[in-house]
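J.:
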Amino acid sequence: MGWSRLRRIVAVALVAAGTCLAPGTAGAAPAVCEDVRVPVAVALTAHSVYGRLCVPEGATTLQVLVPGGTYNSAYWDIGYSPENLSYRQAMNRAGIATVAVDRLGSGRSSKPLSVLLGLSTQAKAVHAVIQSLRPRFERVVLVGHSIGSAVATTEAVTYRDVDGVVLTGLSHQINLPGAVPVFTTLIPTTLDPRTVGRGLDLGYLTTIAGSRYSSFHSPGVAERGALDFDEATKDVVTPLETVSTVLISELLPLSRRITVPVMVVMGGRDGNFCGPPLGADCSSSEALRLSEGRFYAPEARLNAYVVPGYGHSLNFSPNAPGYHRAVAEWTDRIG
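Under mature numbering (1 follows the signal peptide of the UniProt record, and there is no 0), the residues of the sequence shown are numbered -28 to -1, 1 to 307, in order.
1. Does the Cβ of residue 40 have 16 or more other Cβ atoms within 10 Å, making it buried, or fewer, making it exposed?
2. Taking all protein chains shown into account, decide if residue 304 is buried (16 or more other Cβ within 10 angstroms of its Cβ) or exposed.
3. Buried or exposed, going by whether 16 or more other CB atoms sit within 10 Å of the CB of residue 152?
4. Which residues share a DSSP beta bridge with residue 159?
5. I'd like the list of long-range same chain contacts for residue 75, defined as Cβ closer than 6 Å, with 5 residues on each side in sequence excluded.
6. Among the residues of its own chain, which have a CB less than 8 Å from the CB of residue 279, if the five just before and after it don't count?
7. Just to check my reading of the structure: residue 250 and residue 276 have Cβ atoms closer than 8 Å, yes? What is that Cβ distance to the nearest angstrom?
8. Roughly how many whole angstroms lie between the Cα atoms of residue 5 and residue 25?
9. Quick check on residue 29: does DSSP put it in helix, strand or coil?
10. Taking only runs that begin and end inside the region 39 to 111, name each unbroken alpha helix (DSSP H) of 4 or more residues, in chain order.
11. Could you check where the beta strand (DSSP E) with residue 126 kicks off and where it finishes?
12. Just mark residue 167 as buried or exposed, buried being the case when its beta carbon has 16 or more other beta carbons within 10 Å.
13. Once DSSP output is grouped into helix, strand and coil, what is the label at residue 139?
14. Straight-line CA distance for residue 3 to residue 198?
15. For residue 297 and residue 62, I'd like the C-alpha separation in whole angstroms.
16. Rounded to the nearest angstrom, what separates residue 107 and residue 31 at their Cα positions?
17. Can you tell which of 193, 147 and 28 has its C-alpha closest to the C-alpha of residue 222?
18. To the nearest angstrom, how far is the alpha carbon of residue 169 from that of residue 85?
19. Residue 189: which of 21, 72 and 281 sits nearest, CA to CA?
20. Alpha carbon to alpha carbon, what distance is there between residue 16 and residue 53?
21. Near residue 254, what residues of its chain come up, given a Cβ to Cβ distance below 6 Å and the 5 sequence neighbours on each side ignored?
22. Using the C-alpha atoms, what's the distance from residue 37 back to residue 272?
23. Just the Cα atoms here: how many angstroms apart are residue 164 and residue 306?
24. If you follow the beta strand (DSSP E) that residue 7 is in, where does it begin and where does it stop?
25. Quick check: what's the CA-CA separation for residue 89 versus residue 209?
Spelled out as structure tokens, the structure:
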């Protein structure tokens, strides 16, 4: 056998071996994941915030992922069709580390009294996570969804310890005709069979069974398995989180004080925050950038992306991979 032919055979074999590895770039090792718990004081009492940290080999950037109201860290790592819908996996494949947190009161984080859980308390908890992990990474980017975006804004402005902010599912222009019906689906956790056993006080709220498509996905096309996952992993929100989100986005636009790069991502058919008569213009990525631009300082160098055809919870969209890719590329560019 000739030497040149042998080299070709070896090369083909190496390429074939690369395609048999875990999802991600050929030859890349899968991310190593671990649970983390970070202490945080709430009203002089000791609590802890939970996160799931996943670090691909060689990662120098960490994204801190904050879920929205009635969601927990599962929103960032959807178990149905994860190769398409898991934001966490998409970032890890791009070489970006992630820590998906449970907001205080939700998931595996502590459950203080609901009246204590506004944006400032949640931001303090996220800040504690950032401080505990920052020494391991060169850059930290804060990523929020919906109320989690309000938490991310509050954290970035209060502590100024991140290098970029991604805000998804939250504009500064609430479309009240679309948003108000969502609030009518909220009930105390004591009235829902999935949450009644958690021992939470009456201020903790969740969604009525079967209402999540109309509240968070409509009019997008979502597969039954994705909706079942959403219902099975639904969590809680507090009235103070909701009211303070409206306050900082509508009445006192806190985002104008963010001095690091910002990317805004919306579902193009998000009836809660987009479209007439009162919502942001989410007809295209450029339209969204122009519509939201006045709420940010020049230092934010605002970037925007619209997930076409989907509602509020855009990680569930069939078009989610395009948005995941756009965020990963933006994260790379701001370095």
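For glycine and all other residues, C-beta sits at the position ideal for the given N, C-alpha and C.
T.: Inspection of the coordinates gives the following:
1. Walking along the sequence shown from the start, residue 40 turns up at place 68. Buried, by the Cβ-count rule.
2. Taking the sequence shown and counting its residues from 1, one reaches residue 304 at position 332. Residue environment for residue 304: exposed (fewer than 16 other C-beta atoms within 10 angstroms of its C-beta).
3. If you number the sequence shown from 1, residue 152 lands on position 180. Exposed, by the Cβ-count rule.
4. Here residue 159 corresponds to residue number 187 of the sequence shown, with the count starting at 1. Bridge pairing for residue 159: 178 [DSSP].
5. Residue 75 sits at position 103 when you count from the first residue of the sequence shown. Cβ within range, chain order: 94.
6. Walking along the sequence shown from the start, residue 279 turns up at place 307. If we look at residue 279 and ignore the five residues flanking it on each side, its Cβ neighbours are 237, 238, 239, 240, 286, 289, 291, 292, 294 and 295.
7. On the sequence shown, position 278 is the one that residue 250 refers to. On the sequence shown, position 304 is the one that residue 276 refers to. Between residue 276 and residue 250 the Cβ distance is about 19 Å, and since that is not below 8 Å, they are no contact.
8. Within the sequence shown, the letter at position 33 stands for residue 5. Within the sequence shown, the letter at position 53 stands for residue 25. Rounded to whole angstroms, residue 5 to residue 25 spans 5 Å at the Cα level.
9. In the sequence shown, the residue the question calls residue 29 occupies position 57. Annotated three-state conformation of residue 29 is coil, per DSSP.
10. If one requires a minimum length of 4 residues, the alpha helix (DSSP H) runs lying completely within the region 39 to 111 are 54 to 57, 59 to 65 and 91 to 105, in chain order.
11. If you number the sequence shown from 1, residue 126 lands on position 154. According to the DSSP assignment, residue 126 belongs to no beta strand (DSSP E) but to the alpha helix (DSSP H) extending over 119 to 131.
12. As a first step, residue 167 is located in the sequence shown; it is residue number 195 there, counting from the start. Here residue 167 is buried: its Cβ has 16 or more other Cβ atoms, across all protein chains shown, within 10 Å.
13. Sequence index remark: in the sequence shown, residue 139 carries index 167 (1-based). Of the three classes helix, strand and coil, the one that applies to residue 139 here is strand, per DSSP.
14. Mapped onto the sequence shown, residue 3 falls at position 31. Mapped onto the sequence shown, residue 198 falls at position 226. Residue 3 and residue 198 have their C-alpha atoms some 24 Å from each other.
15. The residue given as residue 297 occupies position 325 in the sequence shown. The residue given as residue 62 occupies position 90 in the sequence shown. Answer to the nearest angstrom: the Cα atoms are 7 Å apart.
16. Along the sequence shown, read from residue 1 onward, the residue named residue 107 stands at position 135. Along the sequence shown, read from residue 1 onward, the residue named residue 31 stands at position 59. Residue 107 and residue 31: Cα-Cα distance of roughly 13 Å.
17. Indexing the sequence shown from 1 puts residue 222 at position 250. The option with the nearest alpha carbon to residue 222 is 147.
18. In the sequence shown, counting from the first residue as 1, residue 169 sits at position 197. In the sequence shown, counting from the first residue as 1, residue 85 sits at position 113. Within the model, the alpha-carbon separation for residue 169 versus residue 85 is close to 16 Å.
19. Within the sequence shown, the letter at position 217 stands for residue 189. Nearest C-alpha to residue 189 among 21, 72 and 281: 281.
20. Translated into positions along the sequence shown, residue 53 becomes position 81. Translated into positions along the sequence shown, residue 16 becomes position 44. It is roughly 42 Å from the alpha-carbon of residue 53 to the alpha-carbon of residue 16.
21. Your numbering for residue 254 matches position 282 in the sequence shown. Correct list, in chain order: 238, 240, 246, 260 and 278.
22. Translated into positions along the sequence shown, residue 272 becomes position 300. Translated into positions along the sequence shown, residue 37 becomes position 65. Cα-Cα distance, rounded: 19 Å.
23. Within the sequence shown, the letter at position 192 stands for residue 164. Within the sequence shown, the letter at position 334 stands for residue 306. In a straight line, the C-alpha of residue 164 is about 43 Å away from that of residue 306.
24. By one-based count along the sequence shown, residue 7 stands at place 35. Start and end: 4 to 14.
25. Here the question's residue 89 lines up with position 117 in the sequence shown. Here the question's residue 209 lines up with position 237 in the sequence shown. In a straight line, the C-alpha of residue 89 is about 9 Å away from that of residue 209.
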